Amino acid sequence: MSNILSIQNITKFYGHIRALHEVSFDVPPGSVFGVLGPNGSGKTTLLGIIMDVLRATSGTYSWFGEPPSERQRQKIGTLLETPNFYHYLSGERNLHISAAIKGRGKDDIGRVLEVVKLTERKDSRFSTYSLGMKQRLAIASCLLGNPSVLVFDEPTNGLDPVGIAYTRELIRDLAKEGKTIVLASHLLDEVEKVCTHVAILQKGQLLMAGDVNVVLTNEDFVELGAQDLERLRTTLTGLRGVRQLKDLNGYLQLVFEKDALMELGEINKYCFDQGVVLNHLQLRKKSLESKFMELTK
Amino acid sequence: MLSALKIEWLKVKNYRTFWILLGITLISIPGINYMFYDIMDNSFPKGRNGQNPLLGSPFAFPDVWNTVTWNASLLFIIPALLIITVTTNEFTFKTHRQNVIDGWSRQLFISVKLIEILMLSILCTLVIILTALGFGLIGNKLGPGVTIGQGSRMAFFYFVEILSYSMIAFFISILIRRSGLSIGVFFIYMLAEQIVVGLFRNKYHMKWENYLPEEVTDMLLPVPYAKAVFQRNAAEWNQHIPIYLAVAALYLIIYCVFTSRRFVKTDL
């Protein structure tokens, strides 16, 4: 099956300011694709372009292997930046409008209101909603018609901790259903917990894109502990392929050169043969946050 | 397009401000005419035939068409306010973006608004026709050789004029996007054009100002009172009508093209 979304060399200028520079990546079907970057890195601009509310200065994109069109957008649930609704209408009436534009019936409105727990307030005006409720209504609008592709831009903005956890769970559930999700966020923890793929942007430049496991490959490190840490340090110095060895919270953190990572059993045996008994041995993945900080510093 | 119009209906169906402004727009048409009728009836001396010699019978056929349309044209700011409010709401709430995100094309968004403006202009013209018939038929007998339809082309001219004013309001709204500022610019433009027209017509006796965007449609509806003074060049005016209509149509095309291009080509 072809990619759900394919972005090729998208560049965007706001006057003299370059917001995006030749950004290209593909979103495979069934993936949860995180678009990461600090504030002002071009995440929302990129999503705005692929949803046709912003014009790219150059470059192209395609949805479902075809040139972009309004019919494709009807099949995608999108929350871009802030929830955009008619303030003088109730939540439910606003969803009537969204459903009608998407070419869906009214039948699904009750379900999506229930999913985001807004059924009780469906008749209240949108202007009376709290920030979190507005965000939940926007998520409800995205879910109308049970679309197979969802685009979320900072979906947990304005939500309380319960709301954040709930939204994260919802995204996980949607991913389990096989839906393709494009998720822009600067909350790395959020992305790390749900994404299968990532693209990292900084100042409009794409730094890296691909499968989370590939992006973070060779970034694994081993955490070791022993009664005598100094002896352990001396022992590990003699191990082949070691790039870095440093103290971390009462343990030693061992980083290998690229493609030189040893099996934990091998390390354990090596230490034991050198007369060091380990009381802690764990393989750890470099967190997305540290990878991100490293790339964007 | 029909489904898009139904969606526009969902947007305004429960919008109180829309109904208040629409109500004022429609009521103001017979309202301002009744006000003028009352002033004519009670404030000016009448001759033996029951008419004021200078003013004539502006509310009798065939002059009633000119009178009713000209009076109503003094209040074009009200439908313009309605259009500016409904249009700039979309920008204020950013729903213009959401409509496109949800699956409307940009051209559809602008086209459905243009159709709304057309429908509002038609509705106001229907009220004009009813108002003219009402004032013409109540208390006025048809003179010899005069028919009800005589002079009714003024209703069409009114339609052209309200459509033009509404399109200017829409154009400004799309360009500026902010409600208060759009209303301000619309007012200032109306005033500025009238000042330019007054200056060049009275001081330099020039004619080009007749073809400015608002003035060209104003020219279609001459002042109905004291015709001996204001319509002394009626024959010349009559000859110019096709030109005024052609220029007004050209402006309408320009408004349509510019608003569409602006919305379709730029960032939302």
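Those sequence lines, one after another, are chains A and B.
Once you know that position 284 of the first sequence is 284 in our numbering, the rest is easy, because the numbers rise by one and skip nothing.
Once you know that position 74 of the second sequence is 74 in our numbering, the rest is easy, because the numbers rise by one and skip nothing.
Don't be surprised by glycine CBs; every beta carbon is placed ideally from N, CA and C.
Quick caveat: nothing in here was measured; it's all calculated off a predicted structure.
Phe256/A and Gly241/A do touch by the CB rule: their CB atoms are close to 5 Å apart, below 8 Å. Only residues of its own chain outside the window of five on either side were considered, and among them Thr85 have a CB closer than 8 Å to the CB of Thr17/B, listed in chain order.
Taking 8 Å as the upper bound for CB-CB distance, Tyr86/A and Thr87/B are not in contact here, some 13 Å apart. Bounds of the alpha helix (DSSP H) holding Trp19/B are Arg16 to Ser43. Rounded to whole angstroms, the separation of the alpha carbons of Val197/B and Asn42/B is 33 Å.
No Cβ of chain B is located within less than 8 Å of the beta carbon of Glu169/A. Between the region 51 to 61 of chain A and the region 3 to 20 of chain A, the count of C-beta pairs closer than 8 Å reaches three or more; the two stretches touch.
Exposure of Ile195/B is indicated by the presence of fewer than 16 other C-beta atoms within 10 angstroms of its C-beta.
Taken in chain order, the unbroken stretches of beta strand (DSSP E) that lie wholly in the region 228 to 278 of chain A and span 3 residues or more are 242 to 248 and 251 to 256. With a threshold of 16 other beta carbon atoms within 10 Å, Leu5/B falls short and is exposed.
Taking 8 Å as the cut-off, the Cβ atoms of Ser166/B and Ala80/B count as close. The beta-bridge partner set that DSSP reports for Ile7/A consists of Phe25/A and Tyr61/A. With 16 or more other Cβ atoms inside 10 Å of its own Cβ, Gly163/A counts as buried. For Leu130/B, the uninterrupted alpha helix (DSSP H) run begins and ends at Arg106 to Leu137, by DSSP. In this chain, the beta strand (DSSP E) harbouring Ser185/A covers Thr180 to Ser185. Asn39/A carries a coil assignment under DSSP once its states are collapsed to helix, strand and coil. Taking 8 Å as the CB threshold, His21/A stays off the interface with chain B. For the C-beta of Ala100/A, the chain B residues within less than 8 Å are, from N- to C-terminus, Ser3, Lys6, Ile7 and Leu10. With 16 or more other Cβ atoms from the protein chains shown falling within 10 Å of its own Cβ, Asp52/A counts as buried. The alpha-carbon of Gly103/A is positioned some 23 Å away from that of Asn89/B. With its beta carbon at least 8 Å from every one in chain A, Ile183/B lies outside the interface. The beta carbons of Thr92/B and Phe171/B sit about 18 Å from each other, so the pair does not count as a contact at 8 Å. Secondary-structure assignment with DSSP links Val32/A through a beta bridge to Ile181/A. Using a Cβ-Cβ cut-off of 7 Å, Asn84/A is close to Phe93, Lys94, Thr95, Arg97 and Gln98 of chain B, given in chain order.
Around the beta carbon of Leu20/A, a 10 Å sphere encloses 16 or more other beta carbons of the protein chains shown; the residue is thus reported as buried.
Restricting attention to Gly145/A, Glu177/A and Gly132/A, the CA atom closest to the CA of Pro161/A is found in Gly132/A.
Given a length threshold of 3 residues, each whole run of the beta strand (DSSP E) inside the region 119 to 167 of chain A is given here in chain order: 149 to 153. The contact set of Trp19/B on chain A, defined by CB atoms closer than 9 Å, is empty, because the minimum CB distance reaches about 11 Å. What Tyr15/B touches in chain A, judged by beta-carbon distance under 7 Å, is Tyr88, going in chain order.
Between Met51/A and chain B, the shortest Cβ-Cβ separation is below 8 Å. In the structure shown, Val222/A falls within a strand segment according to DSSP collapsed to helix, strand and coil. Annotation: Asn268/A to Leu278/A spans about 7 Å, alpha carbon to alpha carbon.
Excluding five sequence positions before and after Gly48/A, the CB atoms of its chain that fall closer than 6 Å to its own CB belong to Leu54, given in chain order. For the set Tyr129/A, Glu66/A, Tyr166/A and Ile76/A, the Cα lying nearest the Cα of Leu89/A is the one of Tyr129/A. Relative to the Cα of Leu36/A, the nearest Cα in the group Leu283/A, Leu5/A, Val182/A and Cys142/A belongs to Val182/A.
Of the other Cβ atoms in all chains shown, fewer than 16 fall within 10 Å of the Cβ of Asp273/A; this residue is therefore exposed.
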